[in-house]
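Chains as they are written, first to last, in the working numbering: chain A, 1 to 232; chain B, 1 to 232; chain C, 1 to 232; chain D, 1 to 232. Glycine residues also receive a C-beta, built at the ideal position from the N, C-alpha and C atoms. Only a predicted model underlies this, so the values are computations on that prediction, with no experimental measurement involved. To keep things clear, I will list the structure first and then write my remarks on it.
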């Protein structure tokens with residue numbers, strides 16, 4: 001296992017959040033896990049993106065113990081760790097406060113699938129959790145935030161492999177993927193889709209989700225065994 | 001016929017979508033046809049704009065057979081091909097998911113002609129199609145999307161030479177023109193006009209389309225035999 | 001009189017519209033007048049900002065006759081000329097289709113003075129004209145557009161020296177000033193003020209214009225004999 | 001005391017307002033105080049950010065007398081001075097007309113705490129003052145603007161150390177901090193939070209402030225003796 005390669009990948013994905021306009025200052029974090037060795041690389045807490053260096057990335061085990069690095073890991077680390085335990089096929093997690101996705105989270109609303117741009121990347125609505133309960137705030141808040149996401153997917157029967165993002169109510173978006181790059185990609189697409197969704201609702205408050213046949217067509221032409229999009 | 005020149009033109013027009021802020025990642029495609037030889041050059045499927053090279057552009061005949069190129073053509077290729085067959089005077093097609101035009105498409109609303117900026121470039125509303133029918137989704141979806149556009153223009157008696165764009169409901173905008181450059185120009189203007197239209201409706205939900213005399217004045221001072229705009 | 005200096009000033013002001021994000025392609029024009037010699041320098045018609053050169057600027061007399069230049073002047077030239085005749089103290093005119101100001105024009109709404117940012121630069125609302133009459137469209141449209149602006153200021157008793165901009169209904173903003181630089185500055189501030197005004201109305205549809213005492217305070221601390229803003 | 005260092009810090013903070021997109025032209029000002037010597041460094045009045053140089057920064061005593069500098073200080077100087085006297089622990093003040101914060105000020109609305117992004121930086125709503133009274137406008141307006149802010153915090157029992165910004169009704173935002181850099185940071189975060197808040201209200205007009213337990217959790221994990229965010 002190449003620790004520097006893992007740190008570099010996580011560093012680059014963090015910086016890509018800046019390039020895509022999803023974060024300012026310290027408003028986000030990206031992690032990636034090496035599933036073979038169960039090592040998680042994550043952004044350090046409160047380090048400004050302008051000053052972040054590859055070697056600042058912290059390496060942890062799945063219990064949150066520091067394996068490598070001189071800095072404290074992101075304050076949201078426990079949320080990431082829960083997601084790695086609960087969503088066993090993902091290998092990266094991203095958290096941002098991107099504007100439109102955050103607005104939906106603050107509004108307590110899921111991002112409904114109003115068009116094919118959404119359907120191309122998310123196989124259904126991107127859910128918004130309920131508001132976190134007081135006892136979850138007082139008892140290991142960041143861990144409970146992870147549980148809130150995992151429970152939302154379990155209770156609503158949503159497959160985390162086809163809807164790779166969740167809005168935490170009153171908070172903001174989390175996304176995930178096969179690697180840090182994909183998880184950042186999903187964050188970016190979510191913001192784009194949230195913006196178009198918001199504008200759509202302003203233009204037509206009664207706009208409906210697209211029908212299942214169209215959702216299937218778009219999602220499945222890009223994903224799964226019958227996909228014919230891309231270079232295969 | 002110079003294949004490389006055609007590829008280069010289509011490559012540059014694709015990249016111009018990025019420059020104008022109309023696409024991210026792979027969210028769009030441009031094609032151009034050589035009407036003399038019936039050869040269509042189009043963006044390859046799922047290739048990120050950051051990595052696109054002129055030689056990646058795929059050449060096809062009007063039935064979609066690959067004439068030149070190692071990559072699969074855009075998954076929307078059949079939509080382009082229908083438009084070339086139905087709209088016999090156009091020589092380029094552009095598809096994007098630009099935010100405001102997509103919002104109108106998702107809202108199922110035409111972009112009404114609310115001002116002279118619109119009237120300078122579109123001789124009337126930019127229509128939004130009805131929602132594609134289930135049997136059209138299951139039977140050659142991309143081809144049927146082209147038919148949906150063509151039928152919308154036919155049924156509503158709209159001349160594709162004076163309104164060079166269409167919104168596909170629940171999906172997004174398509175535009176066309178005399179060459180790839182013009183079709184990208186129309187896409188850009190459509191997004192600009194859609195944004196101003198959206199803001200207008202937020203400020204004044206009862207804002208009306210401009211009157212015919214003003215539409216005529218603006219469109220016809222720029223287009224047709226009596227035009228006096230530009231350097232003639 | 002230095003013709004090249006005049007052309008250069010008008011060229012630079014035109015390009016500043018691009019830098020400030022107020023225009024794309026050919027969506028605007030700037031002119032400036034030499035009041036001593038009654039020579040007007042204006043952008044040529046339909047020339048893309050990307051290709052505009054200082055020497056493309058056209059010189060005209062006040063009747064619109066070309067004095068110098070190989071290109072046709074802006075199609076809006078007659079509007080500019082009317083403004084120079086009616087507003088005898090101005091020396092520059094700018095026209096754009098900037099998004100928010102255009103949205104107000106399309107909505108048929110004046111930009112009300114909702115805050116001190118507005119009051120710092122406009123001594124009252126920026127008016128929106130009525131919709132141009134059919135006979136004004138058919139009879140020398142561009143000249144009549146100028147008359148519409150001048151009449152709006154006359155009929156509503158607005159001093160063009162303290163409100164240096166007007167929205168033409170269904171069309172967009174015109175602004176003016178002591179030179180091309182100031183007129184572009186006013187265009188930019190108008191767009192900024194229109195944006196804040198639009199957002200204000202979305203947040204609070206019953207937001208009121210600021211009171212006269214506050215308007216006076218802010219406008220007069222920056223303008224007139226009692227001004228104490230700036231370096232005097 | 002190093003005057004040049006103070007000027008440089010205030011210069012850089014002023015320019016950072018431009019970098020963050022919070023000001024255009026002359027639409028803002030930053031000051032910082034040396035509490036040991038009671039010397040305030042502030043932007044000169046009406047100097048365009050494009051032309052501002054470190055040595056243009058004006059040094060004043062707390063009564064507003066110029067100690068160093070050839071230019072007039074910002075016309076808002078007296079507002080800053082009142083804040084330094086009333087809020088004895090702050091060492092920098094920033095004023096901008098940033099779009100979303102200004103829209104809230106023009107709407108006469110506080111920026112309610114609708115999410116954790118807000119709670120991370122402001123321990124409660126960012127208040128909007130009442131409209132300034134006529135006698136305060138006629139009697140030393142800029143000083144009274146400072147009093148209006150200070151009184152708003154006093155009357156509503158808000159601690160200026162945990163809510164480091166205020167909207168002045170019909171006007172715009174002021175912020176403060178331990179140094180010019182922090183005050184600019186707060187301005188930037190306020191604009192970001194105001195934008196997300198505005199979008200949230202458009203999506204869900206009945207969106208509520210987050211509950212006290214969540215506000216406490218987020219603010220206190222970043223600030224105070226129990227903070228565990230950042231590198232400590």
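If you follow the beta strand (DSSP E) that residue i is part of, which residue opens it and which one closes it?
i	result
residue 40/C	39–42
residue 175/C	172–177
Alpha helix (DSSP H) containing residue i: first to last residue?
i	result
residue 96/B	Per DSSP, residue 96/B belongs to no alpha helix (DSSP H); it is in the beta strand (DSSP E), 92–96.
residue 216/C	212–222
residue 187/C	180–203
residue 26/C	Taken as a continuous stretch (DSSP letters only), residue 26/C belongs to no alpha helix (DSSP H), as it is neither H nor E.
residue 112/C	Residue 112/C -> no alpha helix (DSSP H), and no H or E assigned at all.
residue 17/D	3–19
residue 106/B	99–107
Does the beta carbon of residue i fall short of 7 Å from some heavy atom of the ligand MN?
i	result
residue 178/A	As presented, the structure is devoid of all ligands, the ligand MN included, so that no description of it is given.
Please classify residue i as buried or exposed, where buried requires at least 16 neighbouring CB atoms within 10 angstroms.
i	result
residue 205/D	exposed
residue 208/D	exposed
residue 231/A	exposed
residue 2/A	exposed
residue 28/C	buried
residue 61/D	exposed
residue 66/C	exposed
residue 182/D	buried
residue 212/B	exposed
residue 76/A	buried
residue 192/C	buried
residue 120/A	buried
residue 221/B	buried
residue 99/B	buried
Quick test of your reading: residue i and residue j, contact by CB under 8 Å. State the CB separation rounded to the nearest angstrom.
i	j	result
residue 89/A	residue 161/A	6 Å
residue 170/C	residue 214/B	6 Å
residue 101/D	residue 227/D	With 8 Å as the limit, residue 101/D and residue 227/D do not qualify as a contact, their Cβ atoms being about 26 Å apart.
residue 39/D	residue 57/D	Contact flag wrong, Cβ pair sits at about 11 Å.
residue 36/A	residue 184/A	Not really, about 22 Å apart at Cβ, beyond 8 Å.
residue 128/D	residue 167/D	4 Å
residue 30/D	residue 180/D	5 Å
residue 22/C	residue 187/C	6 Å
When the cut-off is 8 Å and only beta carbons count, does residue i lie next to chain G?
i	result
residue 114/C	Among the protein chains of the structure shown, namely A, B, C and D, there is no chain G.
In chain order, each alpha helix (DSSP H) run of at least 4 residues that lies wholly inside the segment 120–168 of chain C: 134–138 and 141–155
Of the residues that make up the segment 86–109 of chain B, which ones have a beta carbon closer than 9 Å to any beta carbon in chain C? none
Mind listing which residues of the segment 176–203 of chain D have their C-beta closer than 9 Å to chain A's C-betas, in chain order? 185, 188, 189, 192, 195, 196, 197, 198, 199, 200, 201, 202 and 203
At 3 residues or longer, and completely inside the segment 32–80 of chain B: list those beta strand (DSSP E) runs for me, N to C. 39–42, 58–60 and 66–68
Using a Cβ-Cβ cut-off of less than 9 Å, give me the residues of the segment 24–54 of chain D that come near chain C, in sequence order. 24, 25, 26, 27, 44, 45, 46 and 47
What residues in the segment 203–224 of chain B have a beta carbon less than 7 Å from any beta carbon of chain C? 203, 204, 207, 210, 213, 214, 217 and 221
Give the residues from the segment 53–80 of chain D that approach chain C closer than 8 Å (Cβ to any Cβ), ordered along the chain. 71, 72 and 75
Can you list, in chain order, the residues of the segment 160–175 of chain B whose Cβ is nearer than 8 Å to any Cβ on chain A? 170, 171 and 172
With 8 Å as the C-beta to C-beta threshold (strictly closer), list the residues of the segment 121–144 of chain A near chain D in chain order. 131, 132, 134, 137, 138 and 141
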